[in-house]
Amino acid sequence: MFERTLQDLIRGLRAHKASSRAQEDAFLNEAMGEIRDELKGKDMALKAEAVLKMCYLMMLYPIAPPAGFAFHVVETMSSARFHIKQLGYLAAPMAFSGDTEEVVLTVNGIKKDLLSPHLPIPPLALSALPHLLSLTPSLAHTFHGDLLLLLTHSSARVRKRAVLCLLPAWEAYPDGLREGFPRLRERLLDDDQSVVGATVGVVMELARRQGGKNYLPLAPELFAILTGSSNNWMLIKVVKLFAILTPLEPRLVRKLLPPLTSLISSTSAISLLYECVRTCIVGGMLDPDRPEGEALARVCVEKLGGYLRDEGGDQNLRYIALLAMVKITPTHPHMVAEYQDEILQSLDDADLSIRMRALELITAMVDRDNLQHIVDQLLAHLAPPEDESPPLPSAMSSLAAVAGQQSVGKASDVTVTAQSISSSPSYRLLLSQRLLDIVGHDTYVNVTDFEWVVSVLIDVAYVSNVDVGSQIRDMLLDIVGRVKSVRPYAVRVLEKVLGDDNLRERARDKTGEDGLLEAAVWICGEYASDIGSPLSAISNVLSHSLPLAGGNVISLSVQSVAKMFGFYAASISSRWSADLHTECKNLVASIRSGLEPFLAFPLIEVQERAFEITQLLAFVNADLTNHVPPKVSKPIESIPGVEGGFEESNDDDSAEPPYPKSLFLFQPLFTSHELNSVAYMAQSAVRIPEGLNLDHDIVPNAGFSADIDLDDSESEEERGEVHLGEGGGAGMDELRRVLREQDRERKGKKSKGKGKKVEGELTAEEKAEKAKRKAARRDKLKNDPYYLFDKNEVDDDVDNIPIVRLDDAEMAAAEAPAPTKIKSKKKKAAPPPEFDRAGEMPEGATPLPKQEARPLSGLAAIDLTAPAAVSREGSGRFEEYTFGDDGLPPREVEVQTASATPPADNEAGTPVIPSPSSADVPANEEAVKVVKVKRKKGSKKKSAVA
Amino acid sequence: MIHAVLIFNTHGKPRLSKFYTPIPPLTQQALISQIFSFISDRPAGVCNFLDAPELVFPAPPNAGAASNGNGNGNGGNGKGKSTATSTRDDDTRVIYRHYATLYFVFVVDGAESELGILDLIQVFVESLDRAFENVCELDLIFHFDEVQYVLNEIIQGGLVLETNINEINLCVQASKRNRKASAASANPLLPSMLVAPGAGRGRGDGGGGARGWLASIGV
């Protein structure tokens, strides 16, 4: 009888919260049952209350609404009563999902409410509309006209809501942008400030989604707002919007600098000040070529640095200062570098957010000089703070409690949290990854000492305690591959790593050591010539705990042992002696026993490798056992050539070598080709062999039509064969047999001749016919949006494409200056090591194809240039954008487009007129004039691009 | 734009959640609890911006030109409808303020000014304060709908509608009066009797009964 209101429901929930979970669930079920009944009932007030209760429950619990809930919401939405209607519109975003069919039922009701003459009604509908539009894009088309109508509503409250609805509407219905853009533009001049604010917000979002190109024509209005308004919120938005626009229109910079500078110096709102600074940075206003740009940069950095330096100051300001400094670092690294200490300090901050920002900033700041310092700092963060804290935390805390009951206070609190942050795995992972990124940035451009890098990598593997193993492994392999000079050092250090049994144990739980281990195993095998003592290295690799490791490590180890043995065996041949003979025999035996567990290993790769090596060793073993040192004890001076050493040594029968020939069995297996790093895009630079024509049919006519023709004719004849008739006695049968035989003979001849003829015909007509067909097909496919057309095919003359040829020599020349510059700058620094930065290219590589800027696809690209066209035809009076104060003649706003993307003529449907004098041809106004602005040291050059 | 506005108390109990980008309900719940756990871990006196390596906010389905960074991990991605997840590399930020027993959390993208949003949270709280007269957590608990209405006057569809507290308050009061009038009448109320915000400040309030709005018909 007594229906629960929302308040009752909440009270009930709160009463049951204290009790058990089961009771709460029971209460919930009961409430849900009531809601279901009330929703079905006739009473609108009850229904509305039930809708409200349901919304409340949906917010708190992950429960699905009862079936038909959306329909009941539609009912409440269409109620004539204000409070029920408002409730319906409140519930609508929660009740409807993308597949809710009931949305269709709402269309008429919403339309009616939108156009309702009663002021409080349209805002209700408008407030729910964005969500509905994003759910059901098809609605956008329906409501678009109404929204445009509401843009000129008499009430500002309706206008501003309608403006905000345009964003989701246009997202769902991009073509509406063309129609509505002029109307949106008018709203920028609205009398009501909040309407203008909403409009600026919408323009901002549109510009972020599409790029600012379409909105450059709005610059005059926005500029007026910037200088005229005093609403901070709006100013912030406008300033942020200009940050998107200025990179597209460099002339805006000069126009904007005075107002921004005055805002920076005058405003009391730090938020606005910060956004101005940020826009100066992001908008490219700190051009070092200009004197005022440099000064402005100085001001900006000092403002930001002030926030950073302010001890005990606002943490929020420190955060955003770090955020903005990331942006300014690429252009003015030296200014940011002045605050390096503060930034490094921020890494110790108790606040994770600030740490992460500082980390990001540091990543951007790294250069040749500070790399080691910064990496050492980061490593210090990774290293466990003190060994005392983990084992006995209780004792520590109790001691601390005894020491200073109250006085410990906040300071220790902060350090505790700081430590806990350092130990949080995700933060450590981030830190380790950043550290590795810093070192490896741009193929080690900042690295001067690769031995140091190797040791850092090993340190990271030891202390990071997070899963960065694969990254460490890849970097180590990359470095030893590229930097020849570091190989001896790396092998020496990694050999020690191999001997660390603890490491093996830890490597099993994916905490960075696994990658190190894999790298160590591989590198020691590959560069076995640098190993100090191959015997111990082999026994370390084949340690007794190896079977416990992962298959990856085992297969690497097996291979590595073979490599090391190969090197060892080859090296002892020159000083062959009886001692070495036994040593070698023992080694072979130990390797064989070490490999034994893997002969039945479940992983096929491990098993196969183990078998191969064991078999080869068996051969070596037999050779060693049977070996009798020749009587001639003349030592052999030179080891036979390593390449194919086995056969060669076989060859010289005259002087039997004093060592067993099988010592050279292994080495040639692994040393035939040196492993180098492969250059970027090397695969695509492989030259296409002469005479390779992929367009040429291997089987003419794809093997189809000719055969089919033959088949057809044959079957026809066969049919004829069948019609010879049946019956008629033995004579007739004989006749038929003869006829058939003749027929078969004739046919055989014919088909042979025919086949020849067909082939001949094909080769004769092929070219003309096929070329024609191909051209036709190409033409057809050109307009087919579903066919990915190879543009290069059209460019028949590939040689004419201007491509910068990247020769190895040139690359080296281009790279050379950097190191020498550093050397001259910094005398004490060791000369930068030579290393293979570019990587290996295939022999006779063709010049790298220039990476083409891929044109945008999808919605963002389709309507990119369209609004510009609309704005042109729509509101001509705004086109004149004059620069009063710097004496430039008034000229039309130039729409800058990337030269790679096709201009808007596809959209407008009319060809671009490449005449620069189209300003005085009003008839062609809808044709977008695409003018490329070229900037060359301040002087502007205007050229029309077709 | 603003992706979400959340209010939860210091125990993580949601008091308001409003998502402006379509996110499946399960993901919403996961996100709320995730954000809460990060925020509640933060010591006092740190900044109001939440950055956490694990924090994953599902990207809006049509992020357009905005490039989504690496999608490492997808903790909050329950339903997986929007698989494109973005982390700190994207410009999505969580900005929050702590008032008494409540956290006010805004999830925004790079179009919003960080400090500006902090001011906006203040505007929101002050508006609530005016709507409820010394707002406390209980007000928000028991007037969940009214909190939504107040928010509706400030933000619509993820974009800021109004930042002027007086104007917000006028609209909130007007709709409150309209609701009262509409609920109090026995008969279905004709929309013509509704009060436009700011129009009848002295007239409609207080009465609450039919007399109040009947009087307003005459004017």
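Taken in order, these protein sequences are the chains called A and B.
Quick note: the first sequence uses the UniProt record's numbering, first residue 1, plus one each step.
Quick note: the second sequence uses the UniProt record's numbering, first residue 1, plus one each step.
We treat Cβ as the ideally placed atom computed from N, Cα and C, and that holds for glycine.
- Taking a C-beta distance under 8 Å as the contact criterion, glutamate 54(B) and serine 426(A) qualify as a contact pair.
- Separation of arginine 187(A) and histidine 143(B) (C-alpha to C-alpha, rounded to the nearest whole angstrom) is 35 Å.
- Residue contact with chain B for aspartate 467(A): absent (no Cβ-Cβ distance below 8 Å to any residue of chain B).
- Here tyrosine 215(A) is buried, its C-beta having at least 16 other C-beta atoms within 10 Å.
- Histidine 83(A) counts as buried, since at least 16 other C-beta atoms from the protein chains shown sit within 10 angstroms of its C-beta.
- Here alanine 4(B) carries a strand assignment [DSSP, helix/strand/coil].
- Sequence-distant partners of threonine 101(B) (beyond 5 residues in either direction) whose C-beta falls short of 6 Å from its own C-beta, in its chain, are Asn9, Thr10 and Glu137.
- Annotation for phenylalanine 106(B): no alpha helix (DSSP H) segment contains it, though the beta strand (DSSP E) segment containing it runs 102–108.
- Beta-bridge pairing by DSSP links tyrosine 99(B) to Leu102(B).
- Taking C-alpha positions only, valine 203(A) is separated from leucine 226(A) by approximately 15 Å.
- DSSP places proline 14(B) in the uninterrupted beta strand (DSSP E) bounded by 14–19.
- Taking tryptophan 170(A) as the centre and dropping the five residues before and after it, the same chain places the C-beta of Gly176 and Leu177 closer than 6 Å to its C-beta, in chain order.
- Contact between valine 454(A) and leucine 429(A) is absent: CB atoms are separated by about 22 Å, not below the 8 Å threshold.
- Distance from the CA of leucine 546(A) to the CA of leucine 663(A), rounded to the nearest whole angstrom, comes to 26 Å.
- Annotation for histidine 373(A): the continuous alpha helix (DSSP H) segment containing it runs 371–382.
- Within 10 angstroms of the beta-carbon of leucine 675(A) lie fewer than 16 other beta-carbons, which makes it exposed.
- When DSSP states are grouped into helix, strand and coil, phenylalanine 96(A) belongs to the coil group.
- Chain B places no beta carbon closer than 8 Å to that of leucine 517(A), leaving this residue out of the contacts.
- From the listed residues Ser230(A), Val238(A), Asn232(A) and Asn231(A), the smallest Cα separation to leucine 218(A) is found for Val238(A).
- From the beta-carbon of asparagine 178(B), the residues of chain A found nearer than 9 Å are Phe82, His83, Gln86 and Pro120.
- In the three-state reduction of the DSSP assignment, phenylalanine 223(A) falls in the helix class, which pools H, G and I.
- Here DSSP, grouped into helix, strand and coil, assigns arginine 251(A) to helix.
- Taking 8 Å as the cut-off, the beta carbon of alanine 297(A) is found closer than this to the beta carbon of isoleucine 328(A).
- In this model, alanine 48(A) and alanine 15(A) are separated by some 24 Å (Cα to Cα).
- Proximity of chain A to leucine 128(B) at the Cβ level (cut-off 7 Å) is not reached, the minimal Cβ distance being about 16 Å.
- Contact fails between the stretch 31–43 of chain B and the stretch 143–153 of chain B, because fewer than three Cβ pairs, one in each stretch, are under 8 Å apart.
- With respect to the 8 Å criterion, aspartate 530(A) and arginine 492(A) are classified as neighbours on the basis of their beta carbons.
- The three-state secondary structure of arginine 36(A), taken from DSSP, is helix.
- By the criterion of a C-beta distance shorter than 7 Å, alanine 537(A) is surrounded in its chain by Glu495, Leu498, Cys524, Ile531 and Met564, once the five residues flanking it on both sides are discounted.
- Chain B places a beta carbon closer than 8 Å to that of arginine 208(A), counting this residue as a contact.
- Every alpha helix (DSSP H) of 4 residues or more that sits fully in the stretch 452–484 of chain A is shown, in chain order, as 469–482.
- Counting of Cβ neighbours within 10 angstroms places phenylalanine 619(A) among the exposed residues, the total staying below 16.
- For phenylalanine 142(B), a Cβ of chain A is located within less than 8 Å of the residue's own Cβ.
- Contacts between alanine 100(B) and chain A, judged by CB atoms closer than 8 Å, are missing: the closest CB pair is about 18 Å apart.
- Glutamate 101(A) counts as exposed, since fewer than 16 other beta carbons sit within 10 angstroms of its beta carbon.
- The closest CA to that of valine 200(A), considering only Lys42(A), Glu179(A), Ile244(A) and Glu24(A), is found on Ile244(A).
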